[in-house]
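Student: I'd like to ask some things about the structure below.
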Amino acid sequence: MVSILALLTYLAGAAVPAWLLYHFGSEAWYWHVLALLLALALGLAHLPPAFSLLAPELMVGFLFVFLMVWGIGGLFMLRPHRAKHA
């Protein structure tokens, strides 16, 4: 049961930013780079022992996956602005 909950949490962590990017489009590039840096900092941080419980681990995992997908997906969706020539 716990593995199914973890799978659903991480799938939601990937599906929500993908849907947001699809629905609203990409923001400025620096927001996505900041999201990637935050995800890396969160993923590499040594969490306190109180975070070894199920709910905090799932929250941290959800945030990590959310920020990574939003950061990478937003950078791939960026389209450079092109000036129209008359």
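Residue numbering for the sequence shown is 460 to 545, as defined by the working numbering. Glycine included, each C-beta is placed from N, C-alpha and C at the ideal position. None of the values given here were measured: they were computed from a predicted structure.
So tyrosine 469 packs on valine 524, CB below 8 Å; how close in whole Å?
Tutor: Within the sequence shown, the letter at position 10 stands for residue 469. Within the sequence shown, the letter at position 65 stands for residue 524. Tyrosine 469 to valine 524, Cβ: 5 Å. Contact.
Student: So, with DSSP's three-state summary, where would you put glycine 484?
Tutor: Numbered from 1 along the sequence shown, position 25 holds the residue referred to as residue 484. The answer is coil: DSSP assigns glycine 484 none of H, G, I, E or B.
Student: For proline 507, which of helix, strand or coil comes out of DSSP?
Tutor: As a first step, residue 507 must be located in the sequence shown, where it is residue number 48. It is coil, neither helix nor strand.
Student: Confirm, please, whether the CB-CB distance from glycine 484 to leucine 522 is below 9 Å.
Tutor: Translated into the one-based positions of the sequence shown, residue 522 becomes position 63. Translated into the one-based positions of the sequence shown, residue 484 becomes position 25. No, Cβ-Cβ distance for leucine 522 and glycine 484 is not below 9 Å.
Student: Are the beta-carbon atoms belonging to valine 492 and glycine 530 less than 9 Å from one another?
Tutor: If you number the sequence shown from 1, residue 492 lands on position 33. If you number the sequence shown from 1, residue 530 lands on position 71. Yes, Cβ-Cβ distance for valine 492 and glycine 530 is below 9 Å.
Student: Assign leucine 537 to one of three DSSP states: helix, strand, or coil.
Tutor: As a working note, residue 537 is residue 78 in the sequence shown. Coil, per DSSP.
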